[in-house]
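Reviewing the structure listed below.
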Amino acid sequence: MNPETFSELAASRHSVRDFRTDPVPPEVIEEILEDARQAPSWSNTRPFMVALATGEQADRLRAAYVKEFDATLPVQHKERGAMARLALSGKAPDGDYRTWAPYPADLLPHSQAVGGRLYAHMGIARKDRDARDAAARRNCEAFGAPVIGFVLVHKGLMPFAALDAGIMLQTLFLSAKAHGVDSCPLGVLATWRRPFDAEFEAPSDYRLITGFALGYASDAPVNDFRAERRPVRLVPSRS
1 MNPETFSELA ASRHSVRDFR TDPVPPEVIE EILEDARQAP SWSNTRPFMV ALATGEQADR
61 LRAAYVKEFD ATLPVQHKER GAMARLALSG KAPDGDYRTW APYPADLLPH SQAVGGRLYA
121 HMGIARKDRD ARDAAARRNC EAFGAPVIGF VLVHKGLMPF AALDAGIMLQ TLFLSAKAHG
181 VDSCPLGVLA TWRRPFDAEF EAPSDYRLIT GFALGYASDA PVNDFRAERR PVRLVPSRS
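The following block contains the structure:
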């Protein structure tokens, strides 16, 4: 492969937010996973695991995650006493990591900017709460993708396990694109463990860090959106 070919592949992958229902052939998934195993890891420990759901299992997960998401809407809307009521109901997020933690001050503007551009692209006004909730809910549905994936990392090798999982996942995404399969990371799925644990038996040492979607992009206008890809920042030398 020449450098131009790889650059084109890397630039062609983007987060798809509406998928066709067409299944991804099992042999294609196997080839993608074979490529993903080529990713390097800390002392070659491979401190991560992947879970994949398709068909009826994926549909059950969609329904379960939407139910969890809807239960948190009063909290997301900042209703008074909502968090206490959610905790008392037993439906508070039970994820291994806090996905609702505030962004650091220097990174928050970038998150706000891409969110604003995406909602503007979708024609959703800032004060249109129902439309914004519906758009956010689609994340929990994996945007209708036929394959819902989950990435788990070994708690005993953090933060390096998370680094290795990220390298693996980008390798997986690039392989998927090379096979004509689109993708989208779904960090929101790590907010809850209950839906995942109802469908999979993960070793006790492994923590859910993110979800992702695989499938074929539809022709929905939302898939025309492209987030800004800022240059890699270089730390200045002291000399």
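For the sequence shown, full-length UniProt numbering assigns the number 1 to the initial residue and increments by one for each residue that follows. In this text, a Cβ means the ideal position worked out from N, Cα and C, and glycines have one as well. Note that this is a predicted model, so its numbers are computed, not measured.
Under 8 Å between C-beta atoms of Leu152 and Tyr65:
no
By DSSP, does Ile209 sit in helix, in strand, or in coil?
The DSSP-derived three-state label of Ile209 is strand.
Out of Arg238, Pro195, Ile29 and Leu234, state which residue places its alpha-carbon closest to the alpha-carbon of Asp96.
For Asp96, the closest of Arg238, Pro195, Ile29 and Leu234 by C-alpha to C-alpha distance is Pro195.
For a quick check, are the C-beta atoms of Pro185 and Phe212 less than 8 Å apart?
yes
Which complete beta strand (DSSP E) runs does the region 28-109 hold, if anything under 3 residues is left out?
Within the region 28-109, complete beta strand (DSSP E) segments of at least 3 residues are found at 48-54, given in chain order.
So who's on the other strand from Gly115, going by DSSP bridges?
Beta-bridge pairing links Gly115 to no other residue.
According to DSSP, which residues form a beta bridge with Ala217?
Phe19
How long is the line joining the alpha carbons of Met168 and Pro159, rounded to whole angstroms?
15 Å
According to DSSP, is Phe160 helix, strand or coil?
Phe160: helix per DSSP, three-state reduction.
Inside the region 159-193 only - alpha helix (DSSP H) runs reaching at least 4 residues:
160-178
Rounded C-alpha distance that separates Glu56 from Phe143
Roughly 16 Å separates the two Cα atoms.
Cβ pair count under 8 Å reaching 3, the region 44-62 against the region 196-211:
yes
Leaving aside the five residues before and after His110 along the sequence, list all residues of the same chain whose C-beta is less than 6 Å from its C-beta, in chain order.
Nothing listed; no residue qualifies.
Beta-carbon within less than 7 Å of Gly156's beta-carbon, same chain only, minus the 5 sequence neighbours each way: which residues are those?
Asp205
What does the Cβ neighbour count give for Ser43, buried or exposed, with the cut at 16 atoms within 10 Å?
exposed
Just verifying my parser: in three-state terms, what is the DSSP assignment at His14?
coil
Just the C-alpha distance for Gly81 and Pro93, rounded to the nearest angstrom, thanks.
Looking at the two C-alpha atoms, the distance is approximately 16 Å.
Does DSSP put residue 244 in a helix, a strand or coil?
Given a span of 1 to 239 for the chain in the structure shown, any question on residue 244 remains unanswerable.
Taking C-beta to C-beta, are Ala227 and Asp182 nearer than 8 Å?
no
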